[in-house]
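Written below as structure tokens is the structure these notes are about.
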Amino acid sequence: MRKILISLLLIIITVTAYSQAVTPPRLIEMLDWPIKRVDTTLKKADYLLMKKDVDSTSSLYEYGWFDKEKDGKGVARSVILMDAQVRNMKSRLLTYRTYEKEEYQQMASWLLANNYKSTAKYDFKEAQHTLYSNGVLTIRVKVITTQLKTGKKFIAYEWEVGK
Numbered sequence: 068m069r070k071i072l073i074s075l076l077l078i079i080i081t082v083t084a085y086s087q088a089v090t091p092p093r094l095i096e097m098l099d100w101p102i103k104r105v106d107t108t109l110k111k112a113d114y115l116l117m118k119k120d121v122d123s124t125s126s127l128y129e130y131g132w133f134d135k136e137k138d139g140k141g142v143a144r145s146v147i148l149m150d151a152q153v154r155n156m157k158s159r160l161l162t163y164r165t166y167e168k169e170e171y172q173q174m175a176s177w178l179l180a181n182n183y184k185s186t187a188k189y190d191f192k193e194a195q196h197t198l199y200s201n202g203v204l205t206i207r208v209k210v211i212t213t214q215l216k217t218g219k220k221f222i223a224y225e226w227e228v229g230k
């Protein structure tokens, strides 16, 4: 009985940590949402609005989510939404960042399962960029390595999608 309860608790903790993850289909949907809907959706998932900068031609919204797990490791995610408008032309860019390798692998699997193919790769030493396209939409995936002065390395996985 004890093993079952412990297993159930571990499943609940894992599901809770990943429930704040933003999936590729959701990112793609957000390209067409009004900012109020994006804001409400992210706030309901416990993201905090960290920065907001709006003027007559552009807007930038940056959301962050952080949780410190019991093992002392932290989980951090961010969503950045940028809109720009010049005359009758509009553009939106969404950037999603996570530091969880498993989450990155799940998102990469989604790309493959949904007919996205790698179309270009760029290596900028500490950042590798790969473009994926399904013929209609292109998604830029970045793997960014940051080394602190102490020698400790962090790897961030970033997804950019725009229209």
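In my numbering, the protein residues as written are 68 to 230.
C-beta atoms are modelled at their ideal positions from N, C-alpha and C, and glycine is treated no differently.
Below 8 Å, too few C-beta pairs join the segment 142-162 and the segment 171-179 to call them touching: fewer than three. Scanning the segment 114-142 from its first residue to its last, the whole beta strand (DSSP E) runs of 3-plus residues come out as 115-121, 125-135. Contact annotation: tyrosine 189 and valine 210 have beta-carbon atoms that are not nearer than 7 Å.
The three-state reading of DSSP puts lysine 103 in helix, counting H, G and I together. Under the DSSP definition of a beta bridge, lysine 216 lacks any partner. Burial check for proline 91: the Cβ neighbour count within 10 Å reaches 16 or more, so the residue is buried. In the same chain as tryptophan 177, and ignoring 5 residues on each side of it, the C-beta atoms closer than 8 Å to its own belong to Thr90, Pro91, Pro92, in chain order.
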